[in-house]
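Contents: one structure, followed by commentary.
Protein chains: 4
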Amino acid sequence: MSGLGKVAGDQLAAVVERIERIEEEIRELAEGKKEIYQEAKGNGFDVKILREVIRVRKQDPKERDEQESLLDVYLQAIKGSSKVAKAA
Amino acid sequence: MSGLGKVAGDQLAAVVERIERIEEEIRELAEGKKEIYQEAKGNGFDVKILREVIRVRKQDPKERDEQESLLDVYLQAIKGSSKVAKAA
Amino acid sequence: MSGLGKVAGDQLAAVVERIERIEEEIRELAEGKKEIYQEAKGNGFDVKILREVIRVRKQDPKERDEQESLLDVYLQAIKGSSKVAKAA
Amino acid sequence: MSGLGKVAGDQLAAVVERIERIEEEIRELAEGKKEIYQEAKGNGFDVKILREVIRVRKQDPKERDEQESLLDVYLQAIKGSSKVAKAA
DNA sequence: CACTGGAAAATGCCGC
DNA sequence: GCGGCATTTTCCAGTG
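Chains as they are written, first to last, in numbering that gives the first Met the number 0: chain A, 0 to 87; chain B, 0 to 87; chain C, 0 to 87; chain D, 0 to 87.
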C-alpha cells in the first residue's frame, strides 16, 4: 500500500462495501420481480400490458388525464396540419 | 363474457400487488444508497469519483475475462476461417 | 503480429471497419434526432408527449386499439377483484 | 380555442416528419449492419465473437483513461478527506 | 432551470 | 416458440 491514510482508507472501504451490499440486494429484488412477471406470463397474462398497468397506477389519475389530453391535442394538430385550417 | 373472470381478476390483483411491493422495497434501498453517498460526501469524499470507483469495480471482473488481450479475441474470431478466407 | 493469415486478417479488419463506420453514422443520426427534440422543446413542445406521438404513429391503429382495450380489461379486473363477483 | 393553432400544428407536423425520417435512416443503417454480420458469418466468422471484438474496441479507449490503475482512482477519491478522516 | 450522466425499463434479436 | 442477451430508449437525480 502506498499513499492512503489508514483511517481514510478504512472509511473508503466501508463506504464502498455498504454501497455494493445494497446494490446486491437491489439486484436480487429486481430478479424476483422478473420472476413474478414470468410466472404471470405462464398464467396467461400479457406481460407488456401488465407492465403498463403498473406504470399507469404509479402516476396519479389527474396527471394521467392531462397527458392523455395533450397527446390527443398533438395528434389532432398533426392530422389537421396543411389540410384544413379548421375553426379554432 | 366481458373482461376477466373473478379468479383471473384476483390473480391479476395479486400479481400487481406483489410487484408493487417489490418496487417499493427497491425504492427504499435506493434511498438508502443515496444517503450513504451523502454521508460520504459529508466526510469529504468526492461523490462523483466514488461512483466511478463502484463502477470500475463492477466492470473489473468482466473485463479481465473478456479482454485477455485483444489479440486473443482476434485469434478466436478467426478460428475456422482460414479456408474460407482464401476463397475471398 | 503473430498468428493470423494475412487474408483472414485483412478480411476481419475490413468487416470491423465497415461495422464501426456504420455505427458511427448511426450515432450521428441519433445525435441529430436529439437536437430536433431539443429544438422542438425550445419551441414550446412537450418532449415527452412528442415521443409518445412518434410511438403511437409507429404502431398501426388496430393493434393500438387492442392494447388499449386489454389495458382497460386489466384495470377493471383489478378494481373489481375480491369485491363484487360481477355477472360474467 | 381548443388545440394548437394552425402554425403550431404545422410546426409540430414538421418536427414529427423530420424525426420519422431520421429514424427510418437509422433503421436502414441498422439493417445494413445486420447484413454485414451475416455476410461475415457466411465467410466463417463467429458472429458472437465478432460482436465482442467490436464491443471491446469500443470500451478500450474509455478504460485506458479511466482505469489507469485503480489505485489512482482511490487516491483521488481520498483527496481532501484526510482531515475529516481523523474526525471519524 | 437547463444539461449531463447514470440507472432502470423496454424492445428486438439471437440461438436453442 | 421461448428464454436469454444485447441494444436502445426512457427516466430521473445531481450539477453548473
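Even glycine gets a Cβ: it sits at the ideal position worked out from N, Cα and C.
- Non-local beta-carbon contacts of residue 52 of chain C in its own chain, meaning distances under 7 Å to residues more than five positions away in sequence, are absent.
- At a C-beta separation below 9 Å, residue 35 of chain D has these neighbours in chain C: 14, 17, 18 and 21.
- Boundaries of the alpha helix (DSSP H) around residue 8 of chain C: 5-41.
- Scanning its chain for C-beta atoms nearer than 6 Å, with the 5 sequence neighbours on each side dropped, one finds around residue 46 of chain D the residues 36 and 40, in chain order.
- Classified as buried, residue 11 of chain D has 16 or more neighbouring CB atoms from the shown chains inside 10 Å of its CB.
- In this structure, residue 31 of chain B sits away from residue 76 of chain C, with a CB-CB distance that is not shorter than 7 Å.
- When 8 Å is used as the limit between beta carbons, residue 80 of chain A is near these residues of chain D: 5, 8, 9, 11 and 12, in chain order.
- Annotation for residue 28 of chain C: no residue places its beta carbon closer than 6 Å to its own, counting only its chain and skipping 5 residues before and after.
- Along the segment 64-80 of chain C, the positions whose C-beta sits under 8 Å from a C-beta of chain A are 66, 69, 70, 73, 74 and 77, read in chain order.
- In this structure, residue 25 of chain D places its C-beta atom within 7 Å of the C-beta atom of residue 25 of chain C.
- No residue range can be given for residue 45 of chain A, since it is assigned to no alpha helix (DSSP H) and is classified by DSSP as neither H nor E.
- Among the residues of chain D, those whose CB is under 7 Å from the CB of residue 31 of chain C are 21, following chain order.
- As the crow flies, the alpha-carbon of residue 44 of chain D is around 14 Å from that of residue 33 of chain D.
- The Cβ atoms of residue 9 of chain B and residue 80 of chain C sit closer than 7 Å to each other.
- In the DSSP assignment, residue 75 of chain C falls within the alpha helix (DSSP H) that extends over 60-79.
- By alpha-carbon distance to residue 7 of chain C, the top candidate from D/71, D/60, D/42 and D/73 is D/42.
- Counting the other CB atoms within 10 Å of its CB gives residue 55 of chain A a total below 16, which places it among the exposed residues.
- Any Cβ of chain A closer than 7 Å to the Cβ of residue 2 of chain D would place that residue at the interface, and such an atom is present.
- Of C/19, C/4, C/58 and C/23, the smallest CA-CA separation from residue 19 of chain D is found for C/58.
- Sorting B/14, B/50 and B/61 by C-alpha distance to the C-alpha of residue 16 of chain A places B/50 at the top.
- Contacts with chain C (Cβ-Cβ distance below 9 Å) from the segment 39-61 of chain A involve 44, 45, 47, 48, 49, 51, 52, 55 and 56, listed in chain order.
- Here residue 48 of chain A is not near residue 74 of chain C, since their CB atoms are 7 Å or more apart.
- Rounded to the nearest whole angstrom, the CA to CA distance from residue 13 of chain D to residue 62 of chain C is 25 Å.
- Chain C has no Cβ within less than 7 Å of the Cβ of residue 27 of chain D.
- Around residue 66 of chain C, the same chain offers no residue with a beta carbon nearer than 6 Å, after the five sequence neighbours per side are excluded.
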